[in-house]
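Chains as they are written, first to last, in the numbering used here: chain A, 12 to 218; chain B, 12 to 218.
Below is one structure; the comments refer to it alone.
Number of protein chains: 2
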Amino acid sequence: MVQKKSNTEPKPRGRPRAYDPQTALLRARDAFWKTGYSGTSLDEISAATGMNRPSLYAAFGDKRALYLEALAQYWQLSFASMREALADDRPLDEALMHVYEGALSIYFSGDGRPRGCFVIGTAVTEAIEDSEIRQSLAAGLQTFDTDFEARLRTAREKGELKGDADPAVLGVLATATMHTIAIRARAGAPRAELRELARKAVKVICG
Amino acid sequence: MVQKKSNTEPKPRGRPRAYDPQTALLRARDAFWKTGYSGTSLDEISAATGMNRPSLYAAFGDKRALYLEALAQYWQLSFASMREALADDRPLDEALMHVYEGALSIYFSGDGRPRGCFVIGTAVTEAIEDSEIRQSLAAGLQTFDTDFEARLRTAREKGELKGDADPAVLGVLATATMHTIAIRARAGAPRAELRELARKAVKVICG
DNA sequence: TGATTTTTGTACCGTTCCGAACAAATATAT
DNA sequence: ATATATTTGTTCGGAACGGTACAAAAATCA
Numbered sequence: 012m013v014q015k016k017s018n019t020e021p022k023p024r025g026r027p028r029a030y031d032p033q034t035a036l037l038r039a040r041d042a043f044w045k046t047g048y049s050g051t052s053l054d055e056i057s058a059a060t061g062m063n064r065p066s067l068y069a070a071f072g073d074k075r076a077l078y079l080e081a082l083a084q085y086w087q088l089s090f091a092s093m094r095e096a097l098a099d100d101r102p103l104d105e106a107l108m109h110v111y112e113g114a115l116s117i118y119f120s121g122d123g124r125p126r127g128c129f130v131i132g133t134a135v136t137e138a139i140e141d142s143e144i145r146q147s148l149a150a151g152l153q154t155f156d157t158d159f160e161a162r163l164r165t166a167r168e169k170g171e172l173k174g175d176a177d178p179a180v181l182g183v184l185a186t187a188t189m190h191t192i193a194i195r196a197r198a199g200a201p202r203a204e205l206r207e208l209a210r211k212a213v214k215v216i217c218g
Numbered sequence: 012m013v014q015k016k017s018n019t020e021p022k023p024r025g026r027p028r029a030y031d032p033q034t035a036l037l038r039a040r041d042a043f044w045k046t047g048y049s050g051t052s053l054d055e056i057s058a059a060t061g062m063n064r065p066s067l068y069a070a071f072g073d074k075r076a077l078y079l080e081a082l083a084q085y086w087q088l089s090f091a092s093m094r095e096a097l098a099d100d101r102p103l104d105e106a107l108m109h110v111y112e113g114a115l116s117i118y119f120s121g122d123g124r125p126r127g128c129f130v131i132g133t134a135v136t137e138a139i140e141d142s143e144i145r146q147s148l149a150a151g152l153q154t155f156d157t158d159f160e161a162r163l164r165t166a167r168e169k170g171e172l173k174g175d176a177d178p179a180v181l182g183v184l185a186t187a188t189m190h191t192i193a194i195r196a197r198a199g200a201p202r203a204e205l206r207e208l209a210r211k212a213v214k215v216i217c218g
């Protein structure tokens, strides 16, 4: 953020960075994902990213700042996945299933054991004592509600929903379905079971 | 667990305990509740319980054993609250609302900031790497599903639900509603808002 | 080539962590 | 009273924690 030239290659001066900060952030996020914010040491993050601690500190600031950045990155990724899935050009039930399929492919990504939702597994724990994390969490949840609701509203206008259906309530139920899937994934539920759960929830939501 | 006589007062021998283990466990649970398993030190637990670390260790074993016991205690409390609420002698919608009201009074209990669900805030984070916690979590979720489903099944038999309603699916939705409430409480949502959410979800579930 | 700039990697600091050792304290039993 | 049993509270130790100082390394600029 020091200077931003429109040129592709301005002229980096000193010793070149050994690692790409963006992918390092992804690896750091993976570490938090597995063991939570408090449960993950900077040494583990250092091992996961291949950056040593001073480099981490120079690139992202302290542990908390690094986490907050990872959290923001995850939100953006989730929002993008959701909006792509909710595209207006497919039927409502298909759109909702796309959302849950997208979520599942995130929850079951990575090398190790299925890890569920990064937010549910890390931010929810810290939200009580850390107001900034709490605020990020609240805003993210709100976004999900709003996006679901908007999609349900257009569905109702298109006649895909009964006229007396309440998009706000159904939106919250759609979010609730996502939440329960996220939790169950972390509890070890198999992917197929969660997919089936989603399918049935979609049926109820679509009336 | 050393000896269990049917007599009320067998004969405690050495120096008497300064604190009641059961309430100490509650205080320890409160500490975990606020800052999670990894985020809570034994010193903080020691301060919260009034027991010093060696006494804690003697009474409960190490940190993890103490946590597991607190988790088991919380589950039992939750199950009891739920089953009381789901009593067959009230209408389905009332019973469900009782469940959510009970959950809310747990989520909003304590001195400090609303703390949501103990399980969601602590066990879900640790479940990835700790198989025993994961197993406890899975079993607990299952119990909720089952209890909801059983209650919904009797409701359908009594004609409170449409004949084509699927108690299993609606049970999962009922659990999902609980999950989303738990998460939102931790994110700072006001109690009245969550109560309203529950009310509307109950309406959808009851058809 | 030599000066400058930036990142890397080693080493270190003070703190906090969990767990245990051990003596003092407080009860019952004889 | 003396012995025995159990808990308490002080103290310690070794490891891990987050964060930083500082020199070596690797690039560009002059």
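Virtual Cβ for every residue (Gly too), placed ideally from N, Cα, C.
Neighbourhood of residue i by C-beta distance below 7 Å, restricted to the same chain and skipping five residues each side
i: residue 143 (chain B); result: 79
i: residue 209 (chain A); result: 108, 111, 188 and 192
i: residue 178 (chain B); result: 160, 163, 164 and 167
i: residue 137 (chain B); result: 48 and 144
i: residue 246 (chain A); result: This structure cannot speak to residue 246 (chain A), because chain A is shown only from 12 to 218.
i: residue 26 (chain B); result: none
i: residue 121 (chain A); result: 41
i: residue 74 (chain B); result: 53
Minimum C-alpha distance to residue i - residue among the options
i: residue 135 (chain A); options: B:106, B:137 and B:131; result: B:131
i: residue 47 (chain A); options: A:133, A:178, A:137 and A:171; result: A:133
i: residue 67 (chain B); options: B:91, B:156 and B:28; result: B:28
i: residue 145 (chain A); options: A:165, A:63, A:159 and A:83; result: A:83
i: residue 180 (chain A); options: A:74, A:156 and A:98; result: A:156
i: residue 90 (chain B); options: B:117, B:61 and B:34; result: B:117
i: residue 33 (chain A); options: A:85, A:100 and A:122; result: A:85
i: residue 199 (chain A); options: A:126, A:215 and A:51; result: A:126
i: residue 100 (chain A); options: A:58, A:69, A:169 and A:70; result: A:169
i: residue 62 (chain A); options: A:30, A:74 and A:88; result: A:30
i: residue 149 (chain A); options: B:65, B:214 and B:201; result: B:201
i: residue 176 (chain B); options: B:24, B:215 and B:203; result: B:215
Proximity of residue i and residue j at Cβ, strictly below 8 Å
i: residue 197 (chain A); j: residue 139 (chain B); result: yes
i: residue 81 (chain B); j: residue 36 (chain B); result: yes
i: residue 147 (chain A); j: residue 49 (chain B); result: no
i: residue 205 (chain B); j: residue 195 (chain B); result: yes
i: residue 119 (chain B); j: residue 44 (chain B); result: no
i: residue 217 (chain A); j: residue 103 (chain A); result: yes
i: residue 172 (chain A); j: residue 163 (chain A); result: yes
i: residue 113 (chain B); j: residue 92 (chain B); result: yes
i: residue 3 (chain A); j: residue 56 (chain A); result: Here chain A has residues from 12 to 218 only, and residue 3 (chain A) is not among them.
Same chain, Cβ closer than 6 Å to residue i, neighbours up to 5 away in sequence not counted
i: residue 188 (chain B); result: 212
i: residue 14 (chain A); result: Because residue 14 (chain A) sits at a pLDDT of 36, beneath the cut-off of 50, its placement in the model cannot be relied upon, and the following sentence gives the value as read from the coordinates. Closer than 6 Å at Cβ, skipping near neighbours: no residue.
i: residue 182 (chain B); result: 156, 159, 160 and 163
i: residue 60 (chain B); result: 35, 38 and 39
Beta-carbon contacts of residue i that lie in its chain and below 8 Å, excluding the five residues immediately before and after
i: residue 186 (chain B); result: 152, 155, 156 and 159
i: residue 174 (chain B); result: 167
i: residue 87 (chain B); result: none
i: residue 12 (chain B); result: Unreliable positioning characterises residue 12 (chain B) in this predicted model, as indicated by a pLDDT of 38, which lies under 50. A coordinate reading is not provided.
Please name the residues in the segment 200–212 of chain A whose beta-carbon is closer than 9 Å to at least one beta-carbon of chain B, in chain order. 200, 208, 211 and 212
The segment 45–68 of chain B: positions lying closer than 7 Å to chain A by Cβ: 45, 46, 47, 49 and 50
Chain-ordered residues of the segment 180–200 of chain B with a beta carbon less than 9 Å from chain A: 180, 181, 183, 184, 186, 187, 188, 189, 190, 191, 192, 193, 194, 195, 197, 198, 199 and 200
Quick check for students: name the residue ranges of the alpha helix (DSSP H) that lie wholly in the segment 66–134 of chain A, counting only runs of 4 or more. 74–96 and 103–118
Of all the residues that make up the segment 144–167 of chain B, which are near chain A by a beta-carbon distance shorter than 7 Å? 145, 148, 149 and 152
Just by C-beta distance, which residues in the segment 131–142 of chain B are closer than 8 Å to chain A? 131, 132, 133, 135, 136, 137, 138, 139 and 140
Can you pull out the residues from the segment 118–130 of chain A whose beta carbon lies closer than 7 Å to at least one beta carbon of chain B? 124 and 126
In chain order, which alpha helix (DSSP H) runs of at least 4 residues are fully inside the segment 129–189 of chain A? 142–168
Which residues of the segment 99–116 of chain B have a Cβ closer than 7 Å to any Cβ of chain A? Give them in chain order. none
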